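Counting in our numbering, the sequence shown runs from 533 upward without gaps. Even for Gly, the Cβ is constructed at its ideal location relative to N, Cα and C. In this text the structure is predicted, and so the values were computed from the model without any measurement. Worksheet for the structure shown next.
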Amino acid sequence: MSDVAEEVVPGPPDDRAASVLRFAVELVAWVATPWVLADHSWLLAALSLILLIGLPTILSTPGDKADVIIAVPGWVTILLVLLQLVAAVASSWVLWPTWAAVAVTALAATVLVTERPRRRWLLSIR
């Protein structure tokens with residue numbers, strides 16, 4: 533037995549609605565960003581997919597996903613989510629009509645609100 537108590541961090545908040553909304557914004561980012569960049573360079577479009585899909589797949593915070601390939605602190609996961617949100621909003625304004633871009637922007641803003649408990653939990657992970 534050890535005299536040093538281990539710090540037990542509870543698991544992430546289980547909010548399916550927040551996860552679904554976040555995934556919807558991720559889908560927009562995955563579709564719209566390479567679409568916008570393909571007009572300039574197919575290489576930029578491919579790199580955007582590597583950044584938007586590859587990084588969150590490889591880098592994850594323990595406890596946030598079932599399988600962790602490379603463990604990172606919670607703030608890294610938060611930055612990756614913010615990258616997805618910014619990419620979705622910026623690309624939608626360049627690519628789609630105003631009504632669609634407004635919808636994506638509203639969805640991203642909703643994600644910022646619904647993800648607050650998860651962000652708090654991620655910031656507690658070192």
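Paired residues, beta bridge with residue i - DSSP
i      : result
Ser592 : Ala603
Extent of the continuous alpha helix (DSSP H) run through residue i
i      : result
Pro566 : 548-570
Ser580 : 574-581
Arg651 : 648-655
Counted within 10 angstroms of its Cβ, other Cβ atoms place residue i as buried (16 or more) or exposed
i      : result
Val536 : Residue placement at Val536 is flagged as unreliable, the pLDDT there being 45, under the threshold of 50; a coordinate-derived value is accordingly withheld.
Leu553 : buried
Ser592 : buried
Arg652 : exposed
Val634 : exposed
Arg648 : exposed
Ala598 : exposed
Ala688 : Outside the shown range of the chain (533 to 658) lies residue 688, about which nothing can therefore be said.
Trp630 : According to the sequence as given, residue 630 is Thr; it is not Trp. It is exposed - the Cβ of Thr630 has fewer than 16 other Cβ atoms within 10 Å.
Pro566 : buried
Val486 : Nothing about residue 486 can be read from this structure; the chain reaches only from 533 to 658.
Pro605 : exposed
CB contact check: residue i to chain C, cutoff 7 Å
i      : result
Ile601 : As a matter of chain content, chain C is missing from the structure shown, which is built from one protein chain.
>> Check whether the region 559-574 and the region 621-628 are in contact - that is, three or more C-beta pairs closer than 8 Å.
In response: At 8 Å Cβ cutoff, the stretches touch.
> Do the region 573-590 and the region 598-615 make contact, defined as three or more Cβ pairs closer than 8 Å?
Replying inline: Touching, per the Cβ criterion.
>> Quick check for students: name the residue ranges of the beta strand (DSSP E) that lie wholly in the region 603-627, counting only runs of 3 or more.
In response: Listed in chain order, nothing qualifies, since the region 603-627 has no complete beta strand (DSSP E) run of 3 or more residues.
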